[in-house]
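Right, one structure below, let's go through it.
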Amino acid sequence: MKRDGVFVSSKLARFTSRVVSLAQKVVAGAPEPAVQKGNGGYADWVIVAIHGLREYLDHPYRRLLDVLHEMHGIVAKLGLEVSELPDFSTVCARMQQLQMPIWRVLLRLSAELHDIGEIQAIDATGMDRVAASQHYANKTNYTFKAVKTTVLIDCKTSAILDIHCSMKQPHDTQIGWQVLQRNLDRVTKLTADKGYDWWLFRHKLRAEGVTPVIKHREFGWTGVANNVLLDDETYHQRSTVESTFFALRRKYGEIVRARTWFGQFRELVLKCAIRNIELALDRSHA
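Residue numbering for the sequence shown follows full-length UniProt numbering, beginning at 1 and increasing consecutively.
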């Protein structure tokens with residue numbers, strides 16, 4: 001692409017370069033060659049990057065590989081020739097084999113692309129799941145139609161700092177502390193709705209140097225009085241979470257399609273990481 005006499009790479013090319021760079025950092029040690037003949041197969045970072053492209057382009061596995069066969073420049077950024085592209089079944093199967101820590105590290109690295117602000121927010125929603133067979137539902141106690149998805153957001157940048165997924169319906173305060181424990185080094189002020197109203201949760205946050213700005217349940221005058229004293233300007237930045245949920249659904253789909261619970265968790269973590277990368281690219285070329 002040429003602009004003002006200067007060649008500028010497309011957003012897709014910039015996204016591919018960024019996701020390849022992060023995928024190579026995710027794997028331990030020096031990145032392996034993209035593909036090795038024999039039993040070596042495709043490097044983990046290549047599979048992670050291809051899944052990032054799939055989520056970014058919102059293509060099914062078969063269509064993604066068909067499209068990549070016509071995109072020599074993008075494939076070259078993966079360290080491959082078009083003739084070396086993996087089969088769609090390989091890409092699908094390898095995602096299930098890669099452990100959750102790999103996807104979590106990708107999310108953390110994608111969040112580090114942003115200059116985090118002083119206010120963070122936490123909230124939960126339900127992400128619908130694709131319908132499963134009755135046999136699978138009975139075998140895995142597949143009782144809920146949605147994955148309870150809790151995200152920790154930076155209110156300044158809308159970057160997703162962390163995510164928690166559950167097939168059950170645990171209380172928000174239990175999930176909240178679990179998520180916060182992993183991110184105490186990145187949280188300064190935490191805003192949340194009444195679902196996180198628990199005195200012990202507030203106490204734990206303050207003990208770690210985090211200022212809680214959490215709405216109180218109004219069971220009596222004490223709750224009403226505490227809400228009057230709440231910093232409204234900080235609290236209302238919680239709407240960033242709702243905007244992020246809306247953006248995730250609109251851009252990357254409202255339904256998680258993996259059949260297994262661990263596959264669905266990986267899919268949601270990947271969606272969040274790709275969202276962070278795309279936000280960073282938009283800001284760098286604003």
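For every residue, glycine included, the Cβ atom is placed at its ideal position computed from N, Cα and C.
The alpha helix (DSSP H) enclosing residue i, as first and last residue numbers
i    : result
L279 : 261 to 284
V169 : Sequence check: residue 169 is Gln here, not Val. Run containing Q169: none; DSSP gives neither H nor E here.
D128 : Where D128 is concerned, there is no enclosing alpha helix (DSSP H), although the beta strand (DSSP E) it sits in stretches over 119 to 129.
S21  : 11 to 26
V46  : 44 to 57
Extent of the continuous beta strand (DSSP E) run through residue i
i    : result
H164 : 160 to 166
K148 : 146 to 154
P212 : 211 to 214
L190 : 189 to 192
Cβ distance (whole Å) where residue i is taken to contact residue j below 8 Å
i    : j    : result
I119 : T191 : 6 Å
I116 : A159 : 7 Å
L281 : K11  : 6 Å
T150 : V179 : 6 Å
Residue i versus residue j - alpha carbon distance
i    : j    : result
I47  : V75  : 12 Å
Y42  : V20  : 14 Å
A121 : L78  : 35 Å
V82  : L53  : 15 Å
Q264 : A111 : 21 Å
R3   : E278 : Residue placement at R3 is flagged as unreliable, the pLDDT there being 49, under the threshold of 50; a coordinate-derived value is accordingly withheld.
G129 : I102 : Gly is not the amino acid found at residue 129; the sequence shown has Arg there. Each residue's Cα considered, the two are about 23 Å apart.
A13  : S89  : 25 Å
R283 : W221 : 45 Å
L152 : D123 : 7 Å
R249 : A146 : 13 Å
V256 : R266 : 10 Å
Exposure label - residue i; buried when at least 16 CB within 10 Å
i    : result
H216 : buried
Q134 : Unreliable placement is indicated for Q134, whose pLDDT of 48 sits below 50; no coordinate value is reported for it.
E55  : buried
F7   : For F7, the predicted model reports a pLDDT of 41, less than 50, meaning its position is unreliable and no value from the coordinates is stated.
R63  : exposed
H51  : buried
H236 : exposed
Check: residue i C-beta below 7 Å from any heavy atom of the ligand GDP
i   : result
A30 : This structure lacks the ligand GDP; in fact it carries no ligand of any kind.
Worksheet item: Do the segment 160 to 173 and the segment 184 to 204 make contact, defined as three or more Cβ pairs closer than 8 Å?
Response: Counting Cβ pairs under 8 Å, three or more are found: they touch.
Discussion item. When you compare the segment 104 to 111 with the segment 262 to 274, are there three or more beta-carbon pairs, one atom per stretch, that lie closer than 8 Å?
Written reply: When Cβ pairs closer than 8 Å are counted between the two stretches, the segment 104 to 111 is seen to touch the segment 262 to 274, the count reaching three or more.
Item to complete: Would you check if there are 3 or more beta carbon pairs closer than 8 Å linking the segment 89 to 100 to the segment 250 to 264?
Response: Taking 8 Å as the limit for Cβ pairs, the verdict is that the segment 250 to 264 does touch the segment 89 to 100.
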